[in-house]
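Residue numbers (UniProt numbering): 1 to 508.
For each residue, glycine too, the CB sits at the ideal point set by N, CA and C.
Remember, predicted model here, so these are calculated numbers, not experimental data.
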Amino acid sequence: MPLPTTSQVARAANFIYAAMIFRKLLNTQTLKPVTIQNFIPLCAWQYEKMFNTTRIPDVEKDRSVHLSDSQHIAVYHKGRYYKLMLYNNRRLLKPVELQWQLQQILDDQSIPLPGEYHLAALTANDRTVWANARTTYFNKGLNKASLKAIEDAAFFLVLYDEDLDFDPNDPSKLNKYSQAVLHGKGHSLWLDKSFNIVVSKNGRLGCNCEHSWCDSPIMSHFWEFCTGMEVLQLKYTEDGNTVGELEGTPPMPIRLKWDLHPECIDLVRSSMLIASDIIAEVDLQVYYHSNYGKNFIKKCKVSPDAYVQMVLQLAYYRDAGRFNLTYEAAMMRLFREGRTETVRPVTLESCEFVLSVDNPDISAKKKLALLQRACQKHQESYINAMCGKGVDRHIFCLYVLSKHLDVKSPFLKEVLGEPWRLSTSQTPHNHAGILDTKKFPEYVCLGGGFGPVANDGYGVSYDIASEDVMFFHISSKRISPETDTSRFIGFLEKSLQDVKQIFINSQA
C-alpha cells in the first residue's frame with residue numbers, strides 16, 4: 001500500500017478516528033455483517049471484545065477483562081506512556097484534534113522514569129511471574145493508577161521511533177516492518193491488550209493482536225474498514241496533515257507516572273532479557289511474490305487456497321525431504337460463537353502430486369490432473385471443516401472429557417502429541433467491501449504472520465493479495481537445525497515457478 005502521508009501523527013490520528021467509528025457501529029449494532037456469497041451472515045460474537053479489553057495475568061490462569069466503554073487510549077513513545085482522551089464533552093474528537101494531541105507527545109522532551117522504558121517487557125515474561133509482579137508492585141498508588149489507565153484503554157497505540165517501509169527490491173525492509181509489528185523491540189508492545197496499533201516514524205501502520213479473543217478475519221475486517229475510511233473519506237491535505245482546522249484546544253495528553261520499587265526495576269530488566277532471547281530465536285521473513293496471483297491460479301481451475309496449500313506441501317517436501325503433519329485454520333463462524341477447525345492438507349492425493357512434480361517420467365498433463373485432484377480433495381476437506389464435519393475439535397473435546405473423567409487414552413495421547421511442523425493460515429480480506437483490489441490494485445494488504453508452533457517447524461501465513469500479488473509470512477526458530485526460513489523461501493519460490501510451469505507445459 002502506498003503511503004498516503006509520511007506524517008506519523010496525522011496517520012495515527014485518522015486511524016484512531018476511524019477505529020472509534022468502527023467501535024460505534026459495533027456498539028449500536030449497525031455494522032454491516034460479513035456474509036458468505038452476500039447471503040449467509042457469519043457469527044459476530046468475536047467482535048464484542050475487540051475494544052476496551054485486556055488479558056489480565058493470574059497465577060493459575062489468565063482472565064479477560066472487558067469494559068463496556070472507554071474514553072481514552074494508551075500511547076507509548078520512546079519509553080514513555082500517556083493517556084490520550086478521545087472525547088471532549090462526550091463528543092468524539094476530530095482527526096485534526098487528535099493529531100494536535102499526538103504532536104504534544106512527540107514534542108514532550110521528558111525522559112522515561114526509572115524502569116519505565118522497558119516496562120512492557122513484563123507482559124512478555126512468564127505469566128505467573130508477571131501476575132505476581134502485578135500484585136506486588138502495582139497494587140496501589142501511582143503504579144496502580146497508571147496500570148489501570150493502560151488496561152482500561154480502548155486499545156494501545158505505539159508511536160514507533162523508527163522508519164518502517166516496503167520496497168519490492170529490498171526484502172530486508174519488509175522483514176523489519178513485519179518484525180516490528182509481530183514482536184517489536186520486546187518492550188514496545190503492551191502484549192496484554194486486545195490489540196496494539198503500531199505507527200512508524202514515517203507513517204507506516206501495523207497491528208499486533210492478542211489471539212485469545214479473536215481470529216484473524218475479525219482484525220482483517222477492522223483493518224480494511226479503518227484504512228479504507230482513511231484513504232477514501234478522511235484523506236489528507238497536500239502537506240500530509242489531517243483535514244480541518246482546530247477550534248479551541250483539545251484535552252492535553254496525560255503523562256503516566258510510575259514509582260517502581262528497585263526489585264520491580266530488576267524484574268523489568270530480567271524480563272527484557274527474556275523478551276530479547278525470545279525475539280532472537282524467531283526468524284520471521286516476508287516473501288513478496290509478484291510473478292502471479294489469483295488471475296493465473298483461476299486458469300488452473302482450482303481453488304486459490306488449495307493451490308497455495310499444494311505449493312506449500314511441495315516446498316516443505318523439498319526442504320525437509322519428507323511429509324509432515326500440517327495445520328490449516330478454517331473458520332467456524334457459520335455456527336454461534338464458532339472459532340476455527342483444523343484442515344489437514346496432507347492427503348494421499350497431495351502426496352501423489354508432490355512426488356510427481358520432480359518425476360521426469362510423468363507428463364505435464366498428468367501432473368496438472370494430479371494437482372487438480374489434490375486441490376479438489378483439499379477443498380472438500382475445507383468445506384467439511386467449515387460445516388462442522390471436521391475431526392480435530394471433536395478429538396479435543398474427547399481429550400477434555402478424558403481429563404474430566406480421568407480416563408487414560410493411548411489414542412488421544414498419541415494423536416494430540418504429534419507436532420504441527422507446518423502451521424499455515426490464509427489472511428482473509430475484502431470483508432468491508434471498501435478497498436476492493438480490482439478497483440484499487442495499489443492498495444493491496446501485506447497480510448499478517450505468526451511464529452512457528454513447533455520448535456522444529458514453520459509458521460506460514462499467506463495473503464493472496466490481488467490478481468497478481470501474493471505475500472508469504474514465514475517463521476521458524478533459529479535454535480532448530482532442521483529449519484531455515486531463508487532456505488524455505490528459496491524452495492517456495494521455486495515451487496511457485498514449477499507449478500506454474502506445469503500448467504504452461506500442459507497446454508502445449
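In this structure, the alpha-carbon of Val199 lies about 38 Å from that of Tyr317. With contacts defined by Cβ atoms closer than 8 Å, Gly206 and Thr5 do not form a contacting pair. Annotation for Val181: the continuous alpha helix (DSSP H) segment containing it runs 171 to 182. By the neighbour-count criterion, in which a residue is buried when 16 or more other Cβ atoms sit within 10 angstroms of its Cβ, Tyr137 is buried. Going by DSSP, Asn295 is part of no beta strand (DSSP E) but of the alpha helix (DSSP H) stretching over 294 to 299. Counting along the chain, the unbroken beta strand (DSSP E) around Asp283 starts and ends at 282 to 289. At the C-beta level, Lys367 and Ile502 come within 8 Å of one another. About 18 Å separates the beta carbons of Arg339 and Ser381, which is beyond the 8 Å limit, so they are not a contact pair.
Straight through space, the alpha carbons of Gln109 and Glu263 are spaced by roughly 27 Å.
Residue environment for Phe39: exposed (fewer than 16 other C-beta atoms within 10 angstroms of its C-beta).
For the 8 Å CB-CB criterion, Glu341 and Asp259 do not form a contact. Arg373 has its alpha-carbon roughly 51 Å from the corresponding atom of Val9. Annotation for Ala44: Pro33 place their beta carbon closer than 7 Å to its own, counting only its chain and skipping 5 residues before and after. In the structure shown, Gly490 adopts helical secondary structure according to DSSP, grouped into three states. Burial state of Pro2 is exposed, judged by a 10 Å Cβ sphere holding fewer than 16 other Cβ atoms.
Residue state for Arg255 is assigned as strand, using DSSP reduced to three classes. Under DSSP, the beta-bridge partners assigned to Thr54 are Val65, Lys193. Runs of the alpha helix (DSSP H) lying entirely within the region 114 to 154, each at least 4 residues long, are 127 to 137, 141 to 151 in chain order. The beta carbon of Asn175 lies closer than 8 Å to those of Leu284, Gln285, Val286 in the same chain, with the five residues before and after it left out. Cys226 sits in a helix when the DSSP states are folded into three classes. Per the Cβ contact rule, the region 182 to 200 is in contact with the region 113 to 122 (3 or more Cβ pairs under 8 Å).
For Thr340, DSSP records a beta bridge to Met331. Rounded to whole angstroms, the gap between the alpha carbons of Ala12 and Ser350 is 45 Å.
The beta carbon of Arg478 sits closer than 8 Å to those of Ala280, Glu281, Val282, Asp283, all from its chain and outside the five residues before and after it, given in chain order.
The DSSP-derived three-state label of Pro33 is coil. Secondary structure note for Val460: its beta strand (DSSP E) is the uninterrupted segment 458 to 463.
With fewer than 16 other Cβ atoms inside 10 Å of its own Cβ, Lys61 counts as exposed.
In this model, Glu230 and Lys413 are separated by some 50 Å (Cα to Cα). The shortest CA-to-CA distance from Leu98 to any of Leu86, Asp107, Ala364 is the one to Leu86.
DSSP lists Tyr76, Val198 as the beta-bridge partner residues of Val158.
By a beta-carbon distance limit of 8 Å, Asp484 contacts Ser476. Their separation comes to about 7 Å. Under the three-state reduction of DSSP, Leu102 is assigned to helix. DSSP places Lys235 outside both helix and strand once states are collapsed to three, so it counts as coil.
Under the three-state reduction of DSSP, His378 is assigned to helix.
Residue pairing from DSSP places Gln426 in a beta bridge opposite Tyr462. By DSSP's assignment, Met470 forms a beta bridge with His289.
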